[in-house]
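Read in order, the letters of the sequence shown are residues -24 to -1, 1 to 99 in mature numbering (1 follows the signal peptide of the UniProt record, and there is no 0).
Yeah, the Cβ is synthetic: ideal placement off N, Cα and C, and Gly gets one too.
Since the structure is predicted, the reported quantities are computational estimates derived from the model, not experimental observations.
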Amino acid sequence: MKTVVVLYLTLFFIYCMCISSSLAYPSNGESPTCYGQVCPEGTTSCKKNIRSSLNRRNLEIRINCLDDFDGSLKEYYFEEVNNMDPNVHYESSSYSGTNEDSAKNKASYNRPYVSYNGLEDLY
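As C-alpha cells, then:
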C-alpha cells in the first residue's frame, strides 16, 4: 500500500512540476521579463536586491532572472543616487514571478529618485 501511495505522490509531483513550468513562459511567445528587464528562456522567477553602496552615496540594484532551482540565469546591475540620510544603510530584497504587470516592476532605473517615498522628514 505504501508503494502505491509513494507512486501516486511522485506522479502528482511530476504533474505539478510540468504545470508550473508550462505557466512560467508567456503564451504569446514573448521573452520572460523581470522587473522590466528581458530574461533568457528558462526564467521562472525573479529577485531584486537594493542596498546602499559602501560609501552610502548610491543605491546598488541587482535584478536576477532565476530558474526552477533559484539559480541565476542572468543578472542586471544598476546604480542610483541615494537621497536618503548618509548615516542610514538601506537593504531590500523582493521576489516575483516573470512578466508581472505591476507598476513597480515596470519602473525605469534612470528615473529621478524620490527620498522617503515622498514623505516628509520627521526629524
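Item to check | Counted within 10 angstroms of its Cβ, other Cβ atoms place L42 as buried (16 or more) or exposed | outcome: buried
Checklist entry - Per DSSP, F54 is paired with what? => result DSSP, once it has assigned bridges, lists I37 as partnering F54.
Item to check | Any 3 or more C-beta pairs closer than 8 angstroms across the region 7 to 17 and the region 25 to 34 | outcome: With the cut-off at 8 angstroms, the region 7 to 17 and the region 25 to 34 do not touch.
Item to check | DSSP state of T(-22) mapped onto helix, strand, coil | outcome: T(-22): helix per DSSP, three-state reduction.
Item to check | Nearest to D44 (by Cα), restricted to the options N34, L35, N59, S72 | outcome: Checking every option, the nearest Cα to that of D44 belongs to S72.
Next on the checklist: Let's test the definition: count the other Cβ atoms within 10 Å of the Cβ of P62 and tell me whether it reaches 16, buried, or not, exposed.
Outcome noted: exposed
Item to check | Cβ neighbours of I39 in the same chain (closer than 6 angstroms, five flanking residues each side left out) | outcome: Correct list, in chain order: C10, Y11, Q13, K24, Y52.
Next on the checklist: Does Y66 come out as helix, strand or coil in the three-state DSSP assignment?
Outcome noted: coil
Checklist entry - Under 8 angstroms between the Cβ atoms of Y74 and L49? => result In the sequence as displayed, the identity of residue 74 is Thr instead of Tyr. Against a cut-off of 8 angstroms, the Cβ pair of L49 and T74 comes out as no contact.
Checklist entry - Are E55 and N31 close, meaning C-beta to C-beta below 8 angstroms? => result no
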